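Residues in the sequence shown are numbered from 0 upward in steps of one, following numbering that gives the first Met the number 0. Here a beta-carbon is modelled for each residue, glycine too, at the ideal position from N, C-alpha and C. Just so it is clear, the structure is predicted and the values come from calculations on it, not from any experiment.
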Amino acid sequence: MSKQEQAAMETLTYSIWASKLRDSRLDGLDQVAKDKAAGDLEIIDWSTVERKKFREIAVEAWYDFAGKSPLAKEALDSNLSYMKKIGLID
Numbered sequence: 000m001s002k003q004e005q006a007a008m009e010t011l012t013y014s015i016w017a018s019k020l021r022d023s024r025l026d027g028l029d030q031v032a033k034d035k036a037a038g039d040l041e042i043i044d045w046s047t048v049e050r051k052k053f054r055e056i057a058v059e060a061w062y063d064f065a066g067k068s069p070l071a072k073e074a075l076d077s078n079l080s081y082m083k084k085i086g087l088i089d
């Protein structure tokens, strides 16, 4: 493919991805609204402090599991790096 065709393919791919992401989010919001209206859904919104405690416990468990293989450790390191980058963990 030419550079121009590659750029067009990349633009198309990102456009499709963004569209699917939006559609998925809207479908999810619709389903939540239906479940809430039917009384089938209870939303629990933990405080920031409680979320932090939960994540600290989870990270400990993840480290235990990551000790099983180098690949698991690599995956954990990658995920923790991302979580730090977006502010979910310190």
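For Ser77 and Ala65, the gap between their C-alpha atoms comes out near 12 Å. Residue state for Leu87 is assigned as coil, using DSSP reduced to three classes. In the structure shown, the three-state DSSP call for Ala74 is helix. Across the structure, Thr10 and Ser18 are spaced so that their CA atoms are roughly 12 Å apart. Judged by DSSP secondary structure, Glu49 falls within the alpha helix (DSSP H) whose first and last residues are 47 to 65. Spanning the alpha carbons of Glu55 and Ser46 requires a straight line of approximately 14 Å.
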